[in-house]
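In order, the protein sequences belong to chains D and G. Residue numbers for the first sequence follow the numbering used here, beginning at -3 and rising by one. Residue numbers for the second sequence follow the numbering used here, beginning at 1108 and rising by one. Backbone N, C-alpha and C fix where the C-beta goes; we use that ideal spot for every residue, glycine too. Accompanying notes for the structure given below.
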Amino acid sequence: MNVEDLGILRSVDLIDGVAVAKVTPTYSGCPAVLAIEFAIEAALRDAGFEARIERVISPPWTTDWITPEGREKLRAYGIAPPVKGAGKGSLFSDPVIACPQCGSEDTERVSEFGSTACKALWRCRSCAEPFDYFKCI
Amino acid sequence: MNHREALLTGLLRVADDHLILGHRVSEWCGHAPMLEEDLALPNIALDLLGQARALYTYAGEVEGQGRTEDDLAYLRREREYRNLLLVERPNGDFAHTMLKQLYFSSFMQLWWTAACGSADATIAGISAKAVKESAYHVRHSAEWVIRLGDGTQESAARMAQAVEDLAPYVDEMFAPDDVGSTLAPQMLPDNPALRASWDAQIATVFSEATIEPHVPRASISGGRDGRHGEEMGFLLTELQYMQRSYPGAQW
């Protein structure tokens, strides 16, 4: 899994000899943004470029930008990938989330907020495993 | 008040709402009634701080005096903070906190939605990001208000008390804004126009929660002009401690 799979890295352009990477945060308050930016900058420097990072928030990042490969890597890691369109407004309904371990759709939400802002905590009723769900935004 | 001052004031009001509420919500870290909430509340606080940072950064640019997000968040005096009194209220019990969250997040969901259409591209950009986050805050708090309101005798009594206690702080969210008349049209949302939708959403949740709506009461205001309750001083003392003790500290 890398920042391109997640849709966090918008572009890298060579401008007057400087590699300019545009990066977007998933959530406004994501505490990992700075670490990700430093890592990208370090990777560019290691590859011999002078580097600059620009943070962009518009248009806003959406889980739809996670690539098909990224979604598959999330699932393989044990994180259920986002269900498209599930973040839209409805007050009381939940999307159907398949368990990343056994594939069962008999799952339940434990908490809207998991170990990070971008994930919710779910549980599979078939295999009884708890798992993270990457929330749709 | 010229256009720049009005925009700065308008931005600081919303930024301060988020900083102060984010601080209040963060006070639950390690004290929430269950582990899932101990994860949820700091996550929500983080969203609020992230939104505050974006607004402060832009406010600093609009002001043009070189002030950063940190200068605005940590180095102003109490009377310079323009947040709603609602958000500085002490947390009280869990019912009180969840009702406060429902009130504010429902308000902000409407506000961000309207601000997505702002004539100012930066405000529209910040709003398009924040509106998606606030949808989760509304859901989270609405579920708790329903669970507690329609729960045990004890939880219902506590939720009823929260409705009573927070009633005076509702009107301030929708008070006509003195910066609105100075700003160009479509810069910031018109708060009074958000009231009807907010009332409808809260009524839906209350009905599900079997909560009686509060009887109209005299409202308390002043936060938008920098007049705060005594709790604000204690909050700022903690919030600003590092920058006051070690001026210019960075890490």
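Quick check on DSSP: helix, strand or coil for ALA15/D? strand
C-beta neighbour in chain D for TYR1053/G, strict 9 angstroms: Residue 1053/G cannot be examined here, being either before or after the span of chain G that is shown, 1108 to 1358.
Could you have a look at THR1259/G and say whether DSSP puts it in helix, strand or coil? coil
Using a Cβ-Cβ distance cut-off of 9 angstroms, determine whether GLY1232/G contacts chain D. yes
Counting only beta-carbon separations shorter than 9 angstroms, does VAL106/D have a partner in chain G? yes
Are the beta-carbon atoms of ALA1272/G and PHE1211/G separated by less than 9 angstroms? Just to set this straight, residue 1272/G is Asp in the shown sequence, not Ala. No, they are not a contact pair.
What does ASP1154/G touch in chain D if you count any residue whose Cβ is under 7 angstroms from its own? TYR23, SER24, GLY25 and ALA113
GLY1117/G beta carbon less than 9 angstroms from that of VAL1286/G: yes
Just to confirm, is the Cβ distance from ILE4/D to TRP57/D under 9 angstroms? yes
Going along chain G, which residues have a C-beta under 7 angstroms from LEU117/D? GLU1143
Helix or strand or just coil, what does DSSP make of SER7/D? strand
How long is the line joining the alpha carbons of PRO1275/G and CYS120/D, rounded to whole angstroms? 44 angstroms
Does any residue of chain G bring its CB to less than 9 angstroms from the CB of TRP57/D? yes
Since VAL1132/G is in the alpha helix (DSSP H), which residue starts that stretch and which ends it? 1110 to 1133
Where GLY1157/G meets chain D, residues with beta-carbon distance less than 8 angstroms: PRO21, TYR23, SER24, GLY25 and CYS26
Rounded to the nearest angstrom, how far is the Cβ of ARG1174/G from that of GLY1167/G, given a contact under 8 angstroms? 5 angstroms
Buried versus exposed, by CB contacts within 10 Å (16 or more), LEU2/D: buried
So if DSSP puts ALA76/D in a beta bridge, which residue, or which two residues, is it bridged to? TYR129/D
Between the beta-carbon of CYS114/D and the beta-carbon of THR22/D, is there less than 9 angstroms? yes
Under 7 angstroms Cβ-Cβ, which residues of chain D neighbour LEU1146/G? SER107, PHE109, GLY110 and SER111
At a Cβ threshold of 9 angstroms, is ILE1151/G touching chain D? yes
So is SER122/D in contact with chain G if we call contact Cβ pairs under 9 angstroms? no
Beta-ladder partner(s) of ALA116/D, from DSSP: TYR129/D
On a CA-only basis, which of ALA1180/G, LEU1209/G and VAL1252/G is nearest ILE1127/G? Give me that one, please. ALA1180/G
Counting beta carbon pairs with one atom in the region 95 to 105 of chain D and one in the region 63 to 75 of chain D, are three or more of them shorter than 8 angstroms? yes
Mind checking if LYS80/D is an interface residue toward chain G, Cβ cutoff 9 angstroms exclusive? no
What residue range is occupied by the uninterrupted alpha helix (DSSP H) comprising VAL47/D? Looking at the sequence itself, residue 47/D is Ala, so the reference to Val does not match. Element bounds for ALA47/D: not the alpha helix (DSSP H) but the beta strand (DSSP E), 46 to 51.
Can you tell me whether DSSP reads ARG121/D as helix, strand or coil? coil
Would you report the Cα separation of GLY1137/G and GLY13/D, rounded to the nearest angstrom? 49 angstroms
With DSSP as the reference, please indicate the residues paired to GLU104/D in a beta bridge. ARG119/D
When you compare each of TRP1218/G, LYS1207/G and ALA1242/G to ALA1231/G by their alpha carbons, which one comes out closest? TRP1218/G
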